[in-house]
Amino acid sequence: MSNRLKLGAALAALLFVSTAADASAETAHIFWKDLRPATQAIAEDAGLPMIAAKLPDHGETLSINLQDKTVQLAGYALPVDRDGDLVYQFLLVPWTGACSHMPTPPPNQIVLVTPAHPYTMSEAYRPVSVTGTLQPGMEKSQLFILDGVSVIQSGYTVRKAEVASVDTVPDTVTLPVNSPWSFLNKKKK
Numbered sequence: 012m013s014n015r016l017k018l019g020a021a022l023a024a025l026l027f028v029s030t031a032a033d034a035s036a037e038t039a040h041i042f043w044k045d046l047r048p049a050t051q052a053i054a055e056d057a058g059l060p061m062i063a064a065k066l067p068d069h070g071e072t073l074s075i076n077l078q079d080k081t082v083q084l085a086g087y088a089l090p091v092d093r094d095g096d097l098v099y100q101f102l103l104v105p106w107t108g109a110c111s112h113m114p115t116p117p118p119n120q121i122v123l124v125t126p127a128h129p130y131t132m133s134e135a136y137r138p139v140s141v142t143g144t145l146q147p148g149m150e151k152s153q154l155f156i157l158d159g160v161s162v163i164q165s166g167y168t169v170r171k172a173e174v175a176s177v178d179t180v181p182d183t184v185t186l187p188v189n190s191p192w193s194f195l196n197k198k199k200k
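Under our numbering, the first residue of the sequence shown is numbered 12, with each subsequent residue one higher.
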């Protein structure tokens, strides 16, 4: 290999590493509270997860501060479009049971995610981390649940997302002990 070719390859590798480092430095690690107005009550204050019907704006006030930014957010994946274990689109929600077993969170607490590659998931409500460009905007999705179809409105989308399994969701809402859905808090063995 000529010296010129070696130098070119070395420069290209250096540029790639530099670009990759810059891209990861620009990723904002956000929490669910970042997707709602600061004035909106947090779920724990009410003792139950917040639902859209109880909010003055029905949870439709979105954070435009994060528009077009690359973010990373952890939550629970609820498949919308799947074929067996391959998931092509899912709703990212802040607690287990949201949308199918419990009342639906407000739209500003639901993210419609389209993975860059189909994500393998054998069961709903897997804790995952999603990284991609956040776009505010209301979208409706049909969610097929045991007792029929539900239309869920999400306030944000992330397309071409990188999805990774995580052990925990740092800011998850824990359901009250007396909730009929408290079985969803128990870890699977």
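For glycine and all other residues, C-beta sits at the position ideal for the given N, C-alpha and C.
Query, Result
"Can you give the Cα-Cα distance for PRO147 and VAL160, rounded to whole angstroms?", "24 Å"
"I need the boundaries of the beta strand (DSSP E) containing ASP45, first residue and last residue.", "Segment: none, ASP45 is in no beta strand (DSSP E) and carries neither H nor E."
"Could you pull out every residue in the same chain whose Cβ sits closer than 6 Å to the Cβ of LEU77, ignoring the five residues on either side in sequence?", "LEU145"
"What are the residues that DSSP puts in a beta bridge with SER176?", "VAL139"
"Which value, in whole angstroms, describes the spacing of the CA atoms of VAL124 and PRO116?", "16 Å"
"Just to confirm my understanding: we take LYS44, look at its own chain, exclude 5 residues before and 5 after, and list those with CB closer than 6 Å. What are they?", "none"
"With a 10 Å radius around its C-beta and 16 neighbouring C-beta atoms as the bar for buried, classify VAL162 as buried or exposed.", "exposed"
"Report, in whole angstroms, the separation of the C-beta atoms of LEU66 and TYR167, which I expect to be a contact under 8 Å.", "With a Cβ gap of about 16 Å, LEU66 and TYR167 do not count as contacting."
"In this structure, does DSSP put PRO118 in helix, strand or coil?", "helix"
"Tell me GLU150's beta-bridge partners as DSSP assigns them.", "SER165"
"With a CB to CB cut of under 7 Å and the five nearest residues on each side skipped, what residues in its chain are close to MET132?", "ALA88, PRO90, ASP96 and VAL98"
"Take PRO48 and list the residues in its own chain whose beta-carbon comes closer than 6 Å to its own, dropping the five residues that flank it on each side.", "THR72"
"Under 7 Å Cβ to Cβ from VAL180, same chain only, skipping five residues before and after it: list those, please.", "ALA85, GLY86, TYR87 and PRO138"
"Tell me whether PRO181 sits in a helix, a strand or coil according to DSSP, three-state version.", "coil"
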